[in-house]
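Enquirer: Residue 262 in this note's numbering sits at position 248 of the sequence shown, and the numbers go up by one each step. Heads up, the beta-carbon is just placed ideally off N, CA and C, and yes, glycines get one too.
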Amino acid sequence: MTVIDKPSLLQRIKPWFQGFDLPLLFAILWLMGLGLLCMYSAGYDHGTRFVDHGRNMLLSLAIIFIVAQVPPQRLMALAIPLYAAGVALLVATALFGITKKGATRWLNVGIVIQPSELLKIAMPLMLAWWFQKREGVLRLPDFFAAFALLAIPVGLVAKQPDLGTAILVASAGLYVIFFAGLSWRLIIPAFVVGAIAITALVMSEEAICQPEVKWPVLREYQKNRVCTLLDPTKDPLGKGFHIIQGEIAIGSGGVTGKGFMKGTQTHLEFIPERTTDFIFAAFGEEFGLAGALALLAGFSALILRGLMIASDAPALFSRLLAGAVTLSFFTYVFVNMGMVSGILPVVGVPLPFISYGGTAMVTLGIGLGMLMSISKSRRLIQS
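What follows is the structure, encoded as structure tokens:
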């Protein structure tokens, strides 16, 4: 008679945790810890913001764990369905969406959803799949096709209008195209044109920011955001209030900050949206330059580890996806800190793990879960 030993519970669940990237996990937990600390101070009097933020973080960790169990080959199979579903939902939003404050960004499908969030994940997946299929036979027309795949959802999101999400979706796709081998002969001219355009914008601010001047493509409120960035003192109690108060809060923090829960700009409610888009201003006021450096160290560790995972990935799809997801986090951080510090226009981009928001936390969890999946698959192959 053959006796088969039944595996213990520990033996059954051990494979789920094998191959997890501990440096990446440590960076995530470090940022979550700082996020909880900041949210307790900034949002303790905002109802259940702190408790909800902690719940969202636990949800994000659960998503990271679940998605990490999905091998990259399975992720690649989801690329076309997710992209097609996302574009279809964006079209449905344009036709039947819910409009709030002049923006049509939400769709009722039994529950109210924001379809553009899906494209933050579907876009890099789709383009990584596209270039994987073209590996070895990649030509210039394939890049044009990739730009077309990118332009469709970005155009639909920008039309809602939702400039912040459009920037995040566009950057995720552009990172994939860059890592796929886009020639510098095409990249450098784009940078030169951008630099010339920004210089011309700054030099002609007085003329083009007059009320009667209409800007092509951009809406009036978007024009106002750019003009406010160029000179927020023109309307310090109106359109420039956000930027000015953010700069005051960050500057008043000094080197060591005013102390935990001692931020006057924060708790006297001079900082608008202090638990969401402008939470970095509240963080900078209370923890100062030292706290900001600790926060940047966490983001830098996450981004550097993500790029290492991308460089070590065995397949082109995994390398492109990991690189795009990693630099998407850089975009989140750069845009959010830039707008709070007054070097970029104010757009709705949260600071990962620090800003309050359930949808953003889910999206971040899925992205980091895919990154963990790629690292895990490489470690299992090597073992």
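1) What residues are listed by DSSP as bridge partners for Val360?
2) By Cβ distance below 8 Å, which residues in the same chain neighbour Asn350 in space, the five residues on each side in sequence not counted?
3) Thinking C-beta only, is Ala338 closer than 8 Å to Pro138?
4) Given a cut-off of 8 Å, decide if Leu164 and Ser342 are closer than it, judged by their beta-carbon atoms.
5) Just tell me which of Ser332, Lys173 and Gly383 has its CA closest to the CA of Arg430.
6) Identify the residues that DSSP records as bridge partners of Asn10: which are they?
7) Does the beta-carbon of Ile380 have 16 or more other beta-carbons within 10 angstroms, so that it is buried, or is it exposed?
8) Rank Met90, Ala56 and Phe64 by C-alpha distance to the C-alpha of Met384 and give the top, closest one.
9) With DSSP as the reference, label Lys115 as helix, strand or coil.
10) Which residue from Ile135, Gly271, Ile257 and Ala184 puts its Cα closest to that of Ile94?
11) Given Val171, which residues of its chain have a CB within under 8 Å of its CB, disregarding the five upstream and five downstream residues?
12) Taking all protein chains shown into account, decide if Gly187 is buried (16 or more other Cβ within 10 angstroms of its Cβ) or exposed.
13) Classify Ile202 as buried or exposed, calling it buried when 16 or more other Cβ atoms lie within 10 Å of its own Cβ.
14) Apply the 10 Å Cβ neighbour rule to Thr270 and answer buried if 16 or more other Cβ atoms are within range, or exposed otherwise.
15) Between the Cα of Gln224 and the Cα atoms of Thr242, Gln146 and Ile191, which residue gives the shortest distance?
16) So what's Trp198 in DSSP terms, helix, strand or just coil?
17) Touching or not, the stretch 261 to 279 and the stretch 295 to 313, by the rule of three or more beta carbon pairs under 8 Å?
18) Can you tell me where the alpha helix (DSSP H) holding Met404 begins and where it ends?
19) Report whether the distance from the Cβ of Phe34 to the nearest heavy atom of the ligand FAD is below 7 Å.
20) Would you check if the distance between the CB atom of Gln146 and the CB atom of Leu330 is smaller than 8 Å?
21) Assuming Phe313 and Leu38 make a contact with CB atoms under 8 Å, what is their CB distance in whole Å?
22) For the putative contact between Pro85 and Ser325, defined by C-beta atoms under 8 Å, what is the C-beta separation to the nearest angstrom?
23) Thinking C-beta only, is Gly260 closer than 8 Å to Val354?
24) Between which two residues does the alpha helix (DSSP H) harbouring Arg69 extend?
25) What are the complete alpha helix (DSSP H) segments, minimum 4 residues, inside the stretch 292 to 329?
26) Report back the beta-carbon spacing between Glu406 and Lys272 to the nearest angstrom; my notes put them in contact at under 8 Å.
27) Can you give me the C-alpha to C-alpha distance between Val190 and Thr278, rounded to a whole angstrom?
28) Verify whether the separation of the beta carbon atoms of Ile222 and Gly356 is less than 8 Å.
29) Just to confirm my understanding: we take Ala56, look at its own chain, exclude 5 residues before and 5 after, and list those with CB closer than 7 Å. What are they?
30) Pull up the distance between the alpha-carbon of Leu196 and that of Phe344, whole angstroms please.
31) Mind checking Pro250: buried by the 16 CB within 10 Å criterion, or exposed?
32) Measuring only the C-alpha atoms, how far is Gly254 from Glu226?
33) My guess is that Val101 and Pro175 are in contact by the Cβ rule of under 8 Å, so how many angstroms apart are they, rounded?
34) For Glu283, name the three-state secondary structure that DSSP assigns.
35) For Ala162 versus Leu141, is the C-beta spacing smaller than 8 Å?
Expert: A quick look at the data gives this:
1) Answer is none; Val360 lacks a bridge partner.
2) Asp291, Phe294, Val363, Pro364, Leu365 and Ser369
3) yes
4) no
5) Residue coverage of the chain in this structure runs from 15 to 397, which leaves residue 430 outside it and unanswerable.
6) Residue 10 cannot be examined here, being either before or after the span of the chain that is shown, 15 to 397.
7) buried
8) Met90
9) coil
10) Ile135
11) Leu104, Ser130, Leu133, Thr179, Ala180 and Val183
12) buried
13) exposed
14) exposed
15) Thr242
16) helix
17) yes
18) Absent from the model: residue 404. The displayed extent of the chain is 15 to 397, so no value can be given.
19) As for the ligand FAD, it is missing from this structure, which has no ligand bound.
20) yes
21) Contact flag wrong, Cβ pair sits at about 12 Å.
22) With 8 Å as the limit, Pro85 and Ser325 do not qualify as a contact, their Cβ atoms being about 19 Å apart.
23) yes
24) Arg63 to Ala82
25) 293 to 326
26) A question about residue 406 goes unanswered here, because the residues of the chain that appear run from 15 up to 397.
27) 43 Å
28) no
29) Thr280, Arg288, Thr289, Ile293 and Ala296
30) 20 Å
31) exposed
32) 19 Å
33) Contact flag wrong, Cβ pair sits at about 17 Å.
34) coil
35) no
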